[in-house]
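Report on one structure; see the data block that follows.
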Amino acid sequence: MAWSEVFIVFALSHLVGDYLLQTDWQAENKAGGLGPDPVARRALASHVAIYTLAFVPALIWVADHIGAGALGIAALIAVPHLVQDDGRLIAAYVARVKGPGALEVGAVMIGADQSLHMLALFGAALLAAA
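This note's numbering puts the first residue of the sequence shown at 1, with every later residue one more than the last.
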């Protein structure tokens with residue numbers, strides 16, 4: 001199993017979980033979900049749970065090659081997604097690198113968010129294929 005095959009399957013699973021299965025309510029309320037707001041926590045937790053379920057077919061395929069190590073790969077997919085979708089670290093990064101005004105530009109925030117998701121999935125694919 002080549003890392004590139006794993007990455008493609010992970011990227012497709014990501015698109016399903018982050019776009020097709022994420023509800024508007026989750027998208028609108030998940031920011032700050034690692035903080036004290038119970039609505040944000042519920043939105044973020046439900047999104048990450050459903051997002052991770054989108055990876056089940058890919059993880060079953062990976063498990064055929066690496067066995068129980070697929071559970072570790074699942075954690076390497078879910079945990080970074082949880083932290084990234086809380087949004088605060090990405091906002092701090094964008095404000096520092098692009099300037100505070102960039103926080104108001106949706107395309108910049110979405111681009112930063114998706115770029116970091118792809119980097120995390122790239123790392124998970126490399127580990128899964130190693």
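We put the beta carbon where it would ideally sit given N, CA and C, even for glycine.
For residue j and residue i, believed in contact at Cβ under 8 Å, the rounded distance
i: F10; j: A129; result: That pair is no contact at about 11 Å.
i: A54; j: G17; result: 3 Å
i: A45; j: G33; result: 7 Å
i: V97; j: V6; result: With 8 Å as the limit, V97 and V6 do not qualify as a contact, their Cβ atoms being about 29 Å apart.
Sequence-distant residues of the same chain with beta carbon closer than 8 Å to residue i, five excluded per side
i: A91; result: L103, M109
i: V48; result: A78, H81, L82, D85
i: W25; result: A43
i: L121; result: F7, F10, A11, H14, I77
Secondary structure of residue i, DSSP reduced to three states
i: G106; result: helix
i: Q114; result: helix
i: T23; result: coil
i: F55; result: coil
i: P100; result: helix
Inter-residue spacing [alpha-carbon to alpha-carbon] between residue i and residue j
i: V105; j: I8; result: 29 Å
i: G87; j: A31; result: 5 Å
i: M118; j: L126; result: 12 Å
i: V94; j: P100; result: 7 Å
i: W3; j: L89; result: 28 Å
i: I60; j: A74; result: 10 Å
i: M1; j: D37; result: 42 Å
Beta-carbon proximity list for residue i, same chain, < 7 Å, skipping 5 on both sides
i: Q114; result: none
i: V56; result: none
i: R41; result: G33
Same chain only: Cβ atoms within 6 Å of residue i, ignoring 5 sequence neighbours per side
i: I50; result: L21
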